[in-house]
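Everything in the sequence shown is counted per numbering that gives the first Met the number 0, starting at 0 for the first residue and increasing by one.
Where a beta carbon is used, it is the ideal one built from N, C-alpha and C, also for glycine.
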Amino acid sequence: MKIRFILLAFLSVFTLTACNDVNENENPDHISYFGKGSEWFGTYTISKVNHSYFDSLYIQYVQDRANPGTEQTMDELGQIEYVLDAGNSVLESSSPLPLEGIGSFHTATEFNAEMFDVDYPDEITLTVKWQDQSEVIQLNRQN
0 MKIRFILLAF LSVFTLTACN DVNENENPDH ISYFGKGSEW FGTYTISKVN
50 HSYFDSLYIQ YVQDRANPGT EQTMDELGQI EYVLDAGNSV LESSSPLPLE
100 GIGSFHTATE FNAEMFDVDY PDEITLTVKW QDQSEVIQLN RQN
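Dropping the structure here:
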(Lines of atoms letter the chains of each structure in order from A; the text may use other names.)
(Lines give C-alpha, C1' and ligand atoms only; values in the text may rest on other atoms or scores of the structure.)
Protein backbone atom coordinates (compact mmCIF):
# COMPACT_ATOMS: atom_id res chain seq x y z
CA MET A 0 0.00 0.00 0.00
CA LYS A 1 2.84 2.37 0.88
CA ILE A 2 4.54 1.68 -2.46
CA ARG A 3 1.34 2.52 -4.35
CA PHE A 4 1.05 5.83 -2.49
CA ILE A 5 4.68 6.76 -3.26
CA LEU A 6 4.25 5.73 -6.90
CA LEU A 7 1.01 7.72 -7.18
CA ALA A 8 2.65 10.79 -5.56
CA PHE A 9 5.64 10.55 -7.92
CA LEU A 10 3.40 10.22 -11.00
CA SER A 11 1.28 13.17 -9.86
CA VAL A 12 4.32 15.42 -9.44
CA PHE A 13 5.75 14.23 -12.78
CA THR A 14 2.45 14.86 -14.57
CA LEU A 15 2.03 18.32 -13.06
CA THR A 16 5.56 19.42 -14.04
CA ALA A 17 5.25 17.87 -17.51
CA CYS A 18 2.04 19.82 -18.16
CA ASN A 19 3.65 23.17 -17.48
CA ASP A 20 2.52 25.34 -20.42
CA VAL A 21 5.56 27.64 -20.36
CA ASN A 22 8.09 26.79 -23.03
CA GLU A 23 11.49 26.87 -21.31
CA ASN A 24 13.22 27.62 -24.63
CA GLU A 25 11.11 30.71 -25.28
CA ASN A 26 12.36 34.00 -23.91
CA PRO A 27 9.77 36.75 -24.47
CA ASP A 28 12.44 39.32 -23.52
CA HIS A 29 14.54 38.44 -26.60
CA ILE A 30 13.14 37.39 -29.97
CA SER A 31 15.21 36.73 -33.11
CA TYR A 32 14.26 36.38 -36.78
CA PHE A 33 16.40 35.17 -39.70
CA GLY A 34 15.83 34.70 -43.41
CA LYS A 35 17.81 34.56 -46.63
CA GLY A 36 17.10 35.12 -50.28
CA SER A 37 19.25 34.71 -53.36
CA GLU A 38 20.89 38.16 -53.07
CA TRP A 39 20.40 39.20 -49.42
CA PHE A 40 19.90 37.84 -45.92
CA GLY A 41 18.51 39.60 -42.89
CA THR A 42 18.26 39.31 -39.14
CA TYR A 43 15.89 41.19 -36.87
CA THR A 44 15.99 41.07 -33.08
CA ILE A 45 13.85 42.60 -30.36
CA SER A 46 15.10 42.66 -26.77
CA LYS A 47 13.37 43.99 -23.68
CA VAL A 48 15.74 45.49 -21.13
CA ASN A 49 14.26 47.15 -18.06
CA HIS A 50 11.53 49.46 -19.40
CA SER A 51 12.75 49.65 -23.01
CA TYR A 52 12.59 47.58 -26.14
CA PHE A 53 15.66 47.61 -28.38
CA ASP A 54 15.27 46.38 -31.93
CA SER A 55 18.01 45.75 -34.45
CA LEU A 56 17.82 45.10 -38.20
CA TYR A 57 20.85 43.77 -40.10
CA ILE A 58 20.81 43.34 -43.89
CA GLN A 59 23.72 41.69 -45.72
CA TYR A 60 24.42 41.26 -49.43
CA VAL A 61 25.27 37.61 -50.19
CA GLN A 62 28.31 37.24 -52.41
CA ASP A 63 28.74 33.99 -54.31
CA ARG A 64 32.46 33.45 -53.85
CA ALA A 65 32.23 30.05 -55.57
CA ASN A 66 31.41 31.81 -58.87
CA PRO A 67 33.96 34.62 -59.25
CA GLY A 68 32.72 37.57 -61.28
CA THR A 69 29.04 37.04 -60.45
CA GLU A 70 28.94 39.22 -57.32
CA GLN A 71 28.27 42.94 -57.54
CA THR A 72 30.75 45.51 -56.29
CA MET A 73 29.75 48.08 -53.70
CA ASP A 74 29.46 50.69 -56.47
CA GLU A 75 27.20 48.40 -58.51
CA LEU A 76 25.00 47.71 -55.48
CA GLY A 77 24.67 51.39 -54.69
CA GLN A 78 22.30 52.31 -51.89
CA ILE A 79 19.39 50.27 -50.56
CA GLU A 80 15.92 50.85 -49.22
CA TYR A 81 14.03 48.39 -47.04
CA VAL A 82 10.58 47.60 -45.69
CA LEU A 83 10.20 45.31 -42.67
CA ASP A 84 6.55 44.24 -42.35
CA ALA A 85 5.56 42.46 -39.14
CA GLY A 86 1.83 42.56 -39.89
CA ASN A 87 0.80 44.97 -37.15
CA SER A 88 3.80 47.27 -37.62
CA VAL A 89 6.01 48.38 -40.50
CA LEU A 90 9.58 49.67 -40.27
CA GLU A 91 10.97 51.21 -43.46
CA SER A 92 13.76 53.42 -44.69
CA SER A 93 12.85 57.02 -45.39
CA SER A 94 15.51 57.44 -48.08
CA PRO A 95 18.18 55.37 -49.89
CA LEU A 96 20.88 54.21 -47.47
CA PRO A 97 24.57 53.46 -48.07
CA LEU A 98 26.03 50.02 -47.45
CA GLU A 99 29.01 49.53 -45.14
CA GLY A 100 31.92 47.08 -45.05
CA ILE A 101 31.28 44.09 -47.31
CA GLY A 102 27.80 45.20 -48.35
CA SER A 103 25.87 45.40 -45.11
CA PHE A 104 23.43 47.74 -43.42
CA HIS A 105 22.48 47.96 -39.74
CA THR A 106 19.97 50.06 -37.85
CA ALA A 107 18.72 49.95 -34.27
CA THR A 108 16.10 51.78 -32.24
CA GLU A 109 14.86 52.02 -28.67
CA PHE A 110 11.27 52.54 -27.58
CA ASN A 111 9.38 52.62 -24.30
CA ALA A 112 8.09 49.17 -23.33
CA GLU A 113 5.23 50.64 -21.32
CA MET A 114 3.80 52.44 -24.34
CA PHE A 115 3.78 49.49 -26.75
CA ASP A 116 2.38 45.99 -26.70
CA VAL A 117 4.80 44.00 -28.86
CA ASP A 118 3.44 41.07 -30.89
CA TYR A 119 5.89 38.36 -31.98
CA PRO A 120 4.56 36.70 -35.15
CA ASP A 121 6.19 33.52 -36.45
CA GLU A 122 7.18 35.20 -39.70
CA ILE A 123 7.86 38.75 -40.88
CA THR A 124 8.64 40.05 -44.37
CA LEU A 125 11.74 42.02 -45.35
CA THR A 126 11.85 43.70 -48.76
CA VAL A 127 15.22 45.02 -49.97
CA LYS A 128 15.35 47.41 -52.95
CA TRP A 129 18.51 48.35 -54.84
CA GLN A 130 19.44 49.46 -58.37
CA ASP A 131 15.88 49.03 -59.77
CA GLN A 132 15.74 45.53 -58.26
CA SER A 133 14.01 44.13 -55.21
CA GLU A 134 13.98 40.93 -53.20
CA VAL A 135 11.36 39.77 -50.69
CA ILE A 136 12.70 37.64 -47.83
CA GLN A 137 10.65 35.80 -45.21
CA LEU A 138 12.30 36.13 -41.79
CA ASN A 139 11.33 33.23 -39.52
CA ARG A 140 11.22 33.40 -35.75
CA GLN A 141 14.15 31.48 -34.30
CA ASN A 142 12.95 31.04 -30.70
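Partner residues in the beta bridge of N139, as assigned by DSSP, are F33 and E122. Of the candidates E91, F53 and S94, F53 places its Cα closest to the Cα of F115. Here the alpha carbons of Y81 and S92 stand approximately 6 angstroms from one another. L98 carries a coil assignment under DSSP once its states are collapsed to helix, strand and coil.
Note on A107: under 16 other CB atoms within 10 angstroms of its CB, so exposed under the neighbour-count rule. Just so you know, the alpha carbons of K128 and V117 end up roughly 27 angstroms apart. One alpha carbon belongs to P97, the other to S103, and they sit about 9 angstroms apart. The continuous beta strand (DSSP E) containing E80 extends over residues I79 to D84. The closest CA to that of I123, considering only P27, D28, F33 and H29, is found on F33. In the DSSP secondary-structure assignment, A107 is bridged to S55.
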